[in-house]
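Step one of this worksheet: look at the structure below.
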Amino acid sequence: MERIAAVLERERELLELLLFKLVETRLILESGEVRFLSRATREVERARTRTREVDLMRAATVAQHADGSTLRRLAATAPEPWPGIFRDHHDLLVALVAEIEVTAHRNAGEARSGLDSLRLAKVSAGMTEHPGVDRRDAELVRLAQGAAYETVLATASRLRMPDLLDFLR
Numbered sequence: 172m173e174r175i176a177a178v179l180e181r182e183r184e185l186l187e188l189l190l191f192k193l194v195e196t197r198l199i200l201e202s203g204e205v206r207f208l209s210r211a212t213r214e215v216e217r218a219r220t221r222t223r224e225v226d227l228m229r230a231a232t233v234a235q236h237a238d239g240s241t242l243r244r245l246a247a248t249a250p251e252p253w254p255g256i257f258r259d260h261h262d263l264l265v266a267l268v269a270e271i272e273v274t275a276h277r278n279a280g281e282a283r284s285g286l287d288s289l290r291l292a293k294v295s296a297g298m299t300e301h302p303g304v305d306r307r308d309a310e311l312v313r314l315a316q317g318a319a320y321e322t323v324l325a326t327a328s329r330l331r332m333p334d335l336l337d338f339l340r
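Residues in the sequence shown are numbered consecutively from 172, following the working numbering.
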């Protein structure tokens, strides 16, 4: 039981890191600092990879004690003091997953808005937003920004956690 609790604690820490990286991405989106989006999305992907790894570790650890068990079932059948500890983990993990989903959804909405703005923006014949930047360079900047927004959308779509959700049901 101690091993399960330790893995659940590690999973919580990594989910908090993932949420932190998603919030960072949202703040970058909201501030318009598009140049930092590719770095932010790489960090989100890295955090997500780490959560997947601990997800597998948790599944293997739980399978040693009760194959196919949910966290609620573990809490219901574990000896004292584990039921309360597992219920606390359950509540924290459920709240974190919900917050991750909401934040990822908001990020996707911000990225869609950014893409819409880029589609509407026209680079006029000789005028750009930045003095000294010619039309072709401005178009390259616009394309790079579009790619960054698309990466945010792709990253948000890959954040589903079906195994964890099954474990928490």
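The beta carbon of each residue, even a glycine, is placed where N, CA and C say it ideally should be.
Unbroken alpha helix (DSSP H) run spanning Arg219, endpoints: Leu208 to Ala237
Starting from Ala250, follow the alpha helix (DSSP H) in both directions and report where the run begins and ends. As written in the sequence, residue 250 is Pro, which differs from the Ala given in the question. It is not in any alpha helix (DSSP H) - Pro250 carries neither H nor E in the DSSP assignment.
When you compare the CB positions of Ala282 and Tyr320, do they come within less than 8 angstroms of one another, or not? Yes, the Cβ-Cβ distance between Ala282 and Tyr320 is below 8 angstroms.
How far does the alpha helix (DSSP H) with Asp308 in it extend, from its first residue to its last? Arg306 to Ser328
Determine, using beta carbons only, whether Ala218 and Leu189 come nearer to each other than 8 angstroms. yes
Quick one: Cα of Thr299 to Cα of Arg306, how far? The predicted model places Thr299 with a pLDDT of 49, which falls under 50 and marks its position as unreliable; any figure quoted below should be read in that light. Those two C-alpha atoms are separated by around 7 angstroms.
Would you check if there are 3 or more beta carbon pairs closer than 8 angstroms linking the region 217-237 to the region 307-319? no
Got a sec, what are the start and stop residues for the alpha helix (DSSP H) Val178 sits in? Glu173 to Ser202
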